[in-house]
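**Student:** My structure is below; once you've seen it, I'll send some questions.
Chains as they are written, first to last, in our numbering: chain A, 1 to 111; chain B, 1001 to 1113.
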């Protein structure tokens, strides 16, 4: 089954404790992206990647890191999480940044 | 700079009536436009896209959208709404010269029986 998977689905952590949210796709897509969804703000792009070792900033990259060492994986790293990073996070993939397939989401709470 | 505006936080329609969810955009270069839907407790799903060609684009679940270059709009439409269409709808745009994607703030569609 073609899908985008994210782990964990739910995470509660404390300020400053490094965390990684994994994202993996099995569709051989070149394009992968991370978004955060906040009430009233819609979806905002954090980082995107057009291919292995090629990443670029979206609209809200501050406080986040990504890497694309393999085509199928695109982890999101929060080196020092803060409460304003409490949000619902989505990973997505697509061919050539056209229609995207989204993962199920990761709800992160930083206390 | 790229931007997307969805001027209505919520749209209410009766089942069987036509629906329109509005979207206007601003982008440098040629726009690539998308609509996505988010059902309660489910992920986001692609509905339709405009890349080039016919201004009227047909998508999933009977939805369509009309690209209007002069008005920089890409409104989502459906001739006859269903209660099951109730969801959160997002418009998104990117330029043909950039891979950065901008989403609107979303419009909640409520279809009453």
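Glycine included, every Cβ here is placed at the ideal spot set by N, Cα and C.
Can you find the residues in the same chain that come closer than 6 angstroms, C-beta to C-beta, to residue 25 of chain A, ignoring five residues on each side of it along the sequence?
**Tutor:** Same-chain partners within the cutoff: 4, 72 and 93.
**Student:** Using the Cα positions of residue 35 of chain A and residue 1018 of chain B, report the straight-line distance between them to the nearest angstrom.
**Tutor:** Using only the alpha carbons, I get a separation of about 31 angstroms.
**Student:** Assign residue 1094 of chain B to buried or exposed, taking buried as 16 or more other Cβ atoms, counted over all protein chains shown, within 10 Å of its Cβ.
**Tutor:** Residue 1094 of chain B is buried by the Cβ-count criterion.
**Student:** Using beta carbons (cut-off 8 angstroms, strictly below), is residue 1112 of chain B in contact with chain A?
**Tutor:** Residue 1112 of chain B does not count as touching chain A.
**Student:** Considering only their Cβ atoms, is the gap separating residue 109 of chain A from residue 12 of chain A smaller than 8 angstroms?
**Tutor:** Contact flag set, yes.
**Student:** I'd like to know whether the C-beta of residue 1058 of chain B is nearer than 8 angstroms to at least one C-beta of chain A.
**Tutor:** Judged by the 8 angstroms Cβ criterion, residue 1058 of chain B is not in contact with chain A.
**Student:** What are the residues in the region 1097 to 1111 of chain B lying within 8 angstroms of chain A by C-beta distance?
**Tutor:** Per Cβ criterion, the list reads 1099, 1100, 1101, 1102, 1103, 1104, 1105 and 1106.
**Student:** Compile a chain-ordered list of the residues in the region 24 to 52 of chain A whose CB is closer than 8 angstroms to at least one CB of chain B.
**Tutor:** Hits within the stretch, in order: 31, 33, 35, 40, 41, 42, 43, 44, 45, 48 and 50.
**Student:** Quick one: is residue 1071 of chain B buried, meaning 16 or more other Cβ sit within 10 Å of its Cβ, or exposed?
**Tutor:** Counting Cβ neighbours within 10 Å, residue 1071 of chain B comes out exposed, since fewer than 16 surround it.
**Student:** Look at residue 1032 of chain B and residue 1047 of chain B and say whether their C-beta atoms are less than 8 angstroms apart.
**Tutor:** No.
**Student:** Verify whether the separation of the beta carbon atoms of residue 1010 of chain B and residue 1105 of chain B is less than 8 angstroms.
**Tutor:** Not closer than 8 angstroms, so no.
**Student:** Looking only at its own chain, which residues have a Cβ that is under 8 angstroms from the Cβ of residue 56 of chain A, when we skip the five neighbours before and after it?
**Tutor:** Once the five neighbours on either side are set aside, the close Cβ partners of residue 56 of chain A are 47, 48, 49 and 50.
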